[in-house]
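Visitor: Structure provided below as structure tokens; questions to follow.
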Amino acid sequence: MKANGEKISMLTAYDYTMAKIVDSGGVDVILVGDSASNVMAGHETTLPITLDQMIYHASSVVRAAERSLVVVDLPFGSYQSDPKEALRSAIRIMKESGGHSVKLEGGREVKESIKRILHAGIPVMGHLGLTPQSIYKFGTYTVRAKEEAEAEKLIEDALLLEKWGCFALVLEKVPAALAEKVASQLSIPVIGIGAGAGVDGQVLVSHDMFGMTHEFNPRFLRRYLNLYEEMGDAVSSYVKDVKAKDFPNENEQY
Ligand code: KIV
Ligand code: NA
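Taking this note's numbering, the leading residue of the sequence shown gets 5, the next gets one more, and so forth.
Right, dumping it as structure tokens:
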């Protein structure tokens, strides 16, 4: 698709019902993101989610995906300590969820883990820029790689990920000009989130895109629906109907 100049669309899903909607809507790639830690479990960061929990989410998504490529995040702690553990974690995801590939955060720091997983025949998607598993190192969720040194390191890491054999790369919250430069230097697709229009594809968290979340308002987010309000209104109507003895009516009972 990159070679043909066709942009790649990616959305997250963590469960069967959402994955059905996203898959049948025609998205190219479904990401079972560790953002499930925030969106599904209500944690402040992505750090607490476990490998078992990611496998549960991923297996639910895989059962719904008929045409999309399913990418599953390796959660924090499942690949950083040593390459053997990284491979074991990736194998568990592939065997127990049926996902098609894994994603992990970082460049040269996780070189050996990436290579091990790739050698086992498991496709790996990289993730550079704002890498939320390192939030306590960064301190904030603001744009990364605005400074020359960090931008240069990011470009080098992107080139390394391609060289090692990663099939694609997510760039999160970096200046659009830098992201465009990375995409033009790589032959593998670069999927952006908050990385501008000069990359090869876009990813959003589906709950944000549908407007189911409402406190999260980054500049890069485009909301296609306002489901937080619409679903809240539906709940109010239901409560009102139950209280008023309007629901169920004669046709809604046995
Ligand atoms: O976990 C996630 O949702 C992600 C995307 C934001 C790229 O990694
Ligand atoms: Na993630």
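Ideal Cβ placement from N, Cα and C applies to all residues, glycine included.
Because the structure is a prediction, the values reported are computed rather than measured.
1) Quickly, what does DSSP pair residue 195 with across the bridge? List them, please.
2) Output the boundary residues of the beta strand (DSSP E) element that contains residue 21.
3) Do you know offhand how far residue 20's Cα is from residue 152's?
4) 8 Å is my cut-off, CB to CB: does residue 72 come that close to chain D?
5) Between residue 35 and residue 211, what straight-line distance do the alpha-carbon atoms span, to the nearest angstrom?
6) Helix, strand or coil for residue 123? Go by DSSP, reduced to three states.
7) Which of the three DSSP states is assigned to residue 239 in this structure?
8) Beta-carbon separation of residue 162 and residue 126 under 8 Å?
9) State the Cα-Cα distance for the pair residue 79 and residue 237, rounded to the nearest angstrom.
10) Measuring CB to CB, does residue 32 end up less than 8 Å from residue 13?
11) Ordered along the chain, which non-local residues of its own chain (more than five positions away) have a Cβ less than 6 Å from that of residue 166?
12) With burial defined as no fewer than 16 other Cβ atoms inside 10 Å of the residue's Cβ, what is the status of residue 241: buried or exposed?
13) Does the distance from the CB of residue 121 to the CB of residue 96 come in under 8 Å?
14) So if DSSP puts residue 85 in a beta bridge, which residue, or which two residues, is it bridged to?
15) Considering only their Cβ atoms, is the gap separating residue 195 from residue 203 smaller than 8 Å?
16) Compute the beta-carbon to beta-carbon distance between residue 107 and residue 77, rounded to the nearest angstrom, for a pair I have assumed lies under 8 Å.
Guide: Let's see:
1) 174 and 205
2) Where residue 21 is concerned, there is no enclosing beta strand (DSSP E), although the alpha helix (DSSP H) it sits in stretches over 20-28.
3) 42 Å
4) In the structure shown, chain D cannot be found, because there is only a single protein chain.
5) Between residue 35 and residue 211, the C-alpha separation is close to 12 Å.
6) Correct three-state label for residue 123: helix.
7) helix
8) no
9) 35 Å
10) With respect to residue 13, residue 32 sits close: the two C-beta atoms are nearer than 8 Å.
11) 190 and 192
12) Burial call: exposed.
13) no
14) Answer is none; residue 85 lacks a bridge partner.
15) yes
16) 5 Å
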